[in-house]
Structure formats: structure tokens, C-alpha cells
Amino acid sequence: MSESNQYLKIEVLMEDNVVVYHYERVTTNETITFNNFIAKLGRDANGFLTVKETDDYSSINVNKILKLTPKGIDTL
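Below, the structure is given as C-alpha cells:
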């Protein structure tokens, strides 16, 4: 079975109205992928979310997140 090249685009609204996007590989469908992502955030003991943009990685403090919004599926 080949890996999916579909990703759920998640808009992350941070304090001071900063918006970043996180891409999560689609597992079964959009809803399950989003719920799995939320559960993963709750289990992350260090309090940071790693965000990949192209070939660069950065981290954001999950305590600064105001809102998470799924924005549909992109093929990357």
C-alpha cells in the first residue's frame, strides 16, 4: 500500500492574530485526521507543536493557540 499524498490543512490562530498553517497527513478522512491531530496535541508533554514549511521546521507553543480550523484537504 502506498502512502497518501493528501494532507489536511489546519489553520492555527495564535495570540496577536498570527496565523500559521499546519499540514497533517490524511489517515481515513478529514474528520478522523483532525480528531487524531487534536488528541496528539493533548498527549504532547513538551507543549510545542512542530510545524513543517517546505523543508524547514519550527515549533509553536500550544498554550498560545487560540483556535484550530480545518481548511480542507490538499494534495502535496
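Using my numbering, the letters of the sequence shown map in sequence onto residues 862 to 937.
Yeah, the Cβ is synthetic: ideal placement off N, Cα and C, and Gly gets one too.
Predicted model only: the values in this text are computed from it and were never measured.
DSSP bridge partner residues for residue i (one or two, in chain order)
{"i": "ARG886", "result": "TYR868"}
{"i": "THR930", "result": "GLU872"}
Cα-Cα separation between residue i and residue j, rounded to whole angstroms
{"i": "LEU937", "j": "ILE921", "result": "22 Å"}
{"i": "MET862", "j": "ASP877", "result": "Bear in mind that a pLDDT of 43 at MET862, under 50, signals an unreliable position, so the number given afterwards is only what the model happens to contain. C-alpha separation (whole angstroms): 43 Å."}
{"i": "PHE909", "j": "VAL923", "result": "5 Å"}
{"i": "VAL880", "j": "THR911", "result": "15 Å"}
{"i": "THR888", "j": "ASN866", "result": "10 Å"}
Same chain, Cβ closer than 6 Å to residue i, five either side skipped, listed in chain order
{"i": "ASP935", "result": "TYR868, LYS870"}
Candidates the options, of which the one nearest residue i by Cα
{"i": "MET875", "options": "LYS925, LYS932, GLY933, PRO931", "result": "LYS925"}
Residue i classed as buried or exposed, judged by whether at least 16 other C-beta atoms fall within 10 angstroms
{"i": "THR892", "result": "exposed"}
{"i": "VAL873", "result": "buried"}
{"i": "THR894", "result": "buried"}
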